[in-house]
Amino acid sequence: MDYGALRAVWIDNVERAEAVGAMLAEYSEQMDLQERFAPEVIALLKQLHVWESVHGSDDEDTSLALQCRWIEALAARCTSSAVLVQSQLTVAHTLLLSGMISAQDLVEPMRGGVVWGWGLTEPDAGTDIMGMVTTAERDGDDFVINGTKRFISNVGMATNYLVFARTNAERGSRSLSAFVVSADEPGVSVSRLESKMGLRASPTGDLVFESVRVPGTALVGEVGDGVKLALNTLQWSRPLIGAVSVGVARGVYETLRDIEVPDEDAVRVLVDGEQARGHAIADILIKVCAARSYLYDVAHRADRTGKLPPMWEAAAVKTFCSDTAMAVASEAVRLGGRAAVMPGARLQRYFRDAKVLQIFEGANQIQRNAVMRGLRGVDFHEM
Ligand SMILES: Cc1cc2nc3c(=O)[nH]c(=O)nc-3n(C[C@H](O)[C@H](O)[C@H](O)COP(=O)(O)OP(=O)(O)OC[C@H]3O[C@@H](n4cnc5c(N)ncnc54)[C@H](O)[C@@H]3O)c2cc1C
């Protein structure tokens, strides 16, 4: 392995990711206030070749650590933009996993500006995906999809959706299947948009399927592969949510550093109140570093071994990083006082965004169940 070349790729990506992140900063507060994802940002991501950089153009290039590093840099400035990129990578992972598409085939449409949405959740199927009632019935060579997906990110903005539907009425591990559906397909509509507490620029809403006919080639993998694909995708996507969380936590720290931290001479003559505030910021920095180290430990290990992070660890890293983001954002809002709670204040946006990170992609209580199930399989000799 050529470590020098790998290092050069890493440094080049870090520099570009940080530069793109810095450009997003000017949009994030406005987009949050207006609850609208600016089309200029999608154009910018396209123009700066973010999709292909993040994804890698062949299967060999796909690196979890590199994807996390890009997402961290974007989230530090604009959580909604980071979530947009993260959701593309999540769909991409499912499609690659199923063997439906190669990295090269996938990157090309993304480069052209294709945006994906991922449709699993329903009004009565959130944490428990087996509650899903959307159906895909076979009709000759086609499938006909009926049902409503709820809380779908990128809704209305996406040009394609990866949709999970029931192909077998019996509950069970082979009862769901996944389909690629174009947003333009007759019968696909957006019936409502949510006004959310956090991730306000990222559109979320209901996606309705009324007798939507798709060809058999829209099936991802085999009939009945839906649960397996969804679960295996989580092993990739949960660390990516960890990366969004690390970006938010880091953004919190950097915001405080830029407005609060005195220079070295001033630190020597701190009065009590200032020292207490300084310790609080020091604690925030320590927490950010711990979450960041854990994230990249998991991601680099996955790259090194060529194996997905185990389910328990994908859950653990998502939980630790998002709980850290919430803890540091909450403390930062306290430190910021009245200025931090005003509309348009960056710290309160991080606070609101962090709360969503603890809930979506599986609430952190559900992650703890996954960690609990993995307890016996943990072997530090192998890590
Ligand atoms: C901003 C946003 C974007 C989203 N984007 C998408 C998307 O693109 N595609 C998609 O398919 N879905 C999406 N979702 C849905 C998301 O994945 C679900 O919200 C999440 O899985 C939790 O489901 P729920 O909201 O129905 O919570 P519920 O299942 O109603 O649970 C509510 C709370 O109860 C607790 N709880 C539930 N079950 C247990 C248990 N067994 N043990 C302990 N505690 C429990 C947890 O604290 C949980 O937070 C999005 C959600 C949000 C908020």
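Using UniProt numbering, you'd call the opening residue of the sequence shown number 1 and step up by one each time.
The C-beta atom is built at its ideal place from N, Cα and C for all residues, glycine as well.
Please read these numbers as outputs of a predicted model, since none were measured by experiment.
- For valine 356, the shortest C-beta to heavy atom distance toward ligand 1 is below 7 Å.
- Secondary structure remark: continuous alpha helix (DSSP H) runs of at least 4 residues inside the region 259-345, in chain order: 264-268, 272-305, 311-336.
- Between ligand 1 and the CB of leucine 199, the shortest heavy atom gap is smaller than 7 Å.
- Considered as a whole, the region 106-176 harbours 116-119, 135-139, 142-153, 160-166 as its complete beta strand (DSSP E) runs of no fewer than 3 residues, in chain order.
- Nearest neighbour of leucine 335 by Cα position, chosen from Arg349, Gln358, Leu256, Thr319, turns out to be Leu256.
- With a contact defined as Cβ atoms closer than 8 Å, alanine 75 and valine 20 miss out at about 12 Å.
- Of all alpha-carbon atoms in Thr324, His49, Lys318, Asn154, the one lying nearest the alpha-carbon of alanine 38 is that of Asn154.
- With fewer than three CB-CB distances shorter than 8 Å, the region 278-288 does not count as touching the region 111-119.
- A straight-line Cα-Cα distance of about 17 Å links lysine 46 and asparagine 160.
- When the alpha-carbon of tyrosine 253 is set against those of Phe351, Leu229, Val208, Gly131, the nearest one is in Phe351.
- DSSP, reduced to helix, strand and coil, places glutamate 35 outside both helices and strands of the structure shown, so it counts as coil.
- DSSP, read as helix, strand or coil, puts threonine 255 in helix.
- Here arginine 16 carries a helix assignment [DSSP, helix/strand/coil].
- Looking at Ser28, Gly247, Val114, Leu231, the one whose alpha-carbon comes closest to that of histidine 93 is Leu231.
- Relative to the non-hydrogen atoms of ligand 1, the Cβ of asparagine 13 never comes closer than 7 Å to any of them.
- The beta carbons of alanine 22 and arginine 77 sit about 7 Å from each other, so the pair counts as a contact at 8 Å.
- C-alpha of aspartate 303 to C-alpha of aspartate 297: approximately 10 Å in a straight line.
- Nearest to valine 378 by C-alpha distance, out of Leu66, Pro310, Leu96, is Pro310.
- With a cutoff of 7 Å, serine 177 does not count as near ligand 1, since its C-beta is closer than that to no heavy atom of the ligand.
- In the displayed model, arginine 349 falls within a helix according to three-state DSSP.
- When C-alpha distances from threonine 135 are compared across Arg250, Val144, Pro343, Glu26, the shortest belongs to Val144.
- At a threshold of 7 Å, phenylalanine 209 does not count as near ligand 1, since its beta carbon sits no closer than that to any of the ligand's heavy atoms.
- Contact holds between the region 319-328 and the region 240-250, because three or more Cβ pairs, one in each stretch, are under 8 Å apart.
- Within the chosen limit of 7 Å, ligand 1 does not reach the beta carbon of lysine 318 with any heavy atom.
- Membership of threonine 204 in the beta strand (DSSP E) is indicated by the continuous run 204-215.
- Of the heavy atoms belonging to ligand 1, none sits nearer than 7 Å to the Cβ of tryptophan 10.
- The three-state secondary structure of alanine 249, taken from DSSP, is helix.
- Your pair arginine 69 and alanine 25 does not check out as a contact, with CB atoms roughly 18 Å apart and the cut at 8 Å.
- Judged by beta-carbon spacing, glutamate 35 lies beyond the 8 Å limit of serine 177, meaning their Cβ atoms are not closer than that value.
- In this structure, the CA atom of methionine 110 is about 10 Å from the CA atom of histidine 55.
- Taking the Cβ atoms as the reference, alanine 169 lies roughly 30 Å from arginine 238, outside the contact range of under 8 Å.
- With contacts defined by Cβ atoms closer than 8 Å, leucine 96 and leucine 106 form a contacting pair.
- Apart from sequence neighbours up to five positions away, the residues of its chain that approach serine 98 with a beta-carbon distance below 8 Å are Ala178, Val220, Gly221, Asp225, Leu229, ordered along the chain.
- Under the DSSP definition of a beta bridge, leucine 219 partners with Phe179.
- Between the beta-carbon of glycine 242 and that of glutamate 210 there is about 37 Å, and that puts the pair past the 8 Å contact cut.
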